[in-house]
Amino acid sequence: MADSASQVLLGSGLAVLSQPLMYVKVLVQVGYEPLPPTLGRNIFGRQVYQLPGLFAYAKHIVKVDGRAGLFKGLTPRLCSSAIGTVVHSKVLQRYQDAEQAEPGASKKEHVSSLEQVLKETSREMVARSAATLITHPFHVITLRCMVQFIGRETKYSGTLSAFATIYREEGILGFFAGLIPRLLGDILSLWLCNMLAYLINTYALENGVSMAEMKSYSQAVTGFFASMLTYPFVLVSNLMAVNNCGLAGGLLPYAPTYSSWLDCWSQLHKEGNMSRGNSLFFRKVPAGKRYVWEERRFR
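As structure tokens, then:
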């Protein structure tokens, strides 16, 4: 219990600290650009037109809504973080209890074996998927609370009232908008990360004291690489969570009414927007697009 409580507190603290970053990221993913491009210099010193980065975007939000405005959607996100942490730990604990109850449980498998990696990754996949499934309604509410900034709506002003609004307008399925690409992205990212780390630790790095630290870092490196590859799933999931929900950010001109997440994926791919919002620094102006001040977006 103490371990779960500490994990919940740690997760909640990280959620609070990262809330402004997630807020800006979601608005960029939707395609909302409240500030026009400015002439700046890239890392090579060349003059290029750039879009405002994280800090300029956040400063604009503070100017409109005050500092508290950076934390819209924090309450449902904290609920999601706390519940997800508990569910995740409970599922893994069930696996551990079942393993200890089996005959010959004292015989441990070698931690570097492929079989052990596959078993641990499968368990982690089930635990993460269960946590995602249960907390996704809170994730949907979080995103919609943030996207309200675009149209200045107050439709999702509270967590409980948001649940009632979604159920009344969209039914049970409304709570799981964007769930499939989110699950697929999480699962692919997990397997890519763990298998790449296994291959690097087993075949690329030699055993020895000097390699010990490098092996511990390989998981973080492969995790970053996997998250980059699976980012389109995150983008599509977030767009589907707010699509056609009655908010300005989920309707034209920002987004058409997608028939499915595959339709959303296809249209983003055609537009060349599969990585929109992936970087919040050194943001380049989209090629072949022009900034429309009245709509606060590119087209």
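Anchor point for the sequence shown: position 148 equals 148 in the UniProt record's numbering, and the numbering is continuous, going up by one each time. A virtual CB, placed ideally from N, CA and C, is assigned to each residue, including glycine. Being a predicted model, the structure only gives us computed values, none of them experimental.
DSSP on residue i, reduced to helix/strand/coil?
i    : result
L280 : coil
T75  : helix
Y291 : strand
G208 : Confidence at G208 is low in this model, with a pLDDT of 48, below 50, so its placement is unreliable and the value that follows should be read with caution. In the structure shown, G208 sits in coil (DSSP, three-state: anything other than H, G, I, E or B).
R297 : strand
G178 : coil
E153 : coil
V285 : coil
M228 : helix
P20  : helix
A130 : helix
Y95  : helix
M125 : helix
E109 : With a pLDDT of only 48 at E109, under 50, the local geometry of the prediction cannot be trusted, and the value read off the model is given with reservation. Reduced to three states, the DSSP call for E109 is coil.
E170 : helix
F44  : coil
G158 : coil
M146 : helix
P253 : coil
M195 : helix
P34  : coil
S189 : helix
L247 : coil
G69  : helix
P137 : helix
N201 : helix
Y57  : helix
Identify every residue that forms a DSSP beta bridge with residue i.
i    : result
Q267 : DSSP lists no partner for Q267.
Y49  : L39
Report the residue from the options whose alpha carbon sits nearest the alpha carbon of residue i.
i    : options                   : result
R296 : P37, A5 and A127          : P37
S237 : G174, N201 and I83        : G174
M22  : L54, L247 and R168        : L54
G84  : I61, V285 and A131        : A131
L268 : R299, F281, V292 and E294 : R299
K119 : E99, L133, P103 and I134  : E99
F96  : T165, R123 and G13        : It should be noted that the sequence gives Gln, not Phe, for residue 96. Considering only alpha carbons, the answer is R123.
Y291 : Q50, K25 and I150         : Q50
A287 : L280, G272, N278 and F281 : G272
M146 : L280, I61, F224 and I200  : I61
I141 : V242, K25 and A226        : V242
A164 : I180, F138, F224 and G11  : F138
S157 : R144, F224 and G66        : R144
L229 : L262, S259, N278 and D263 : N278
S189 : L252, M240 and T121       : T121
P181 : N194, F149, L239 and R94  : L239
T202 : S113, L262 and Q148       : S113
For residue i, which residues from the same chain have a beta carbon less than 6 Å from its beta carbon, with the 5 sequence-adjacent residues on both sides left out?
i    : result
N244 : G250 and T257
G31  : Y254 and R297
V234 : G185
L196 : T222
F176 : H136
P20  : A58 and L70
G208 : Unreliable positioning characterises G208 in this predicted model, as indicated by a pLDDT of 48, which lies under 50. A coordinate reading is not provided.
V48  : N42
K284 : none
F281 : G53
So, at 7 Å on beta carbons, what are the nonlocal neighbours of residue i in its own chain, with the 5 sequence-adjacent residues on each side left out?
i    : result
T75  : T159
H110 : Residue confidence is low: H110 scores 48 on pLDDT, short of 50, so the model does not pin down where it sits. No coordinate-derived value is stated.
V126 : V91
A220 : none
Kindly list the residues whose CB is nearer than 8 Å to the CB of residue i, restricted to its own chain and excluding five residues on each side of it in sequence; keep chain order.
i    : result
V16  : F71, L74 and L78
S129 : L183, D186 and I187
E170 : A177 and C245
Y167 : G174 and F175
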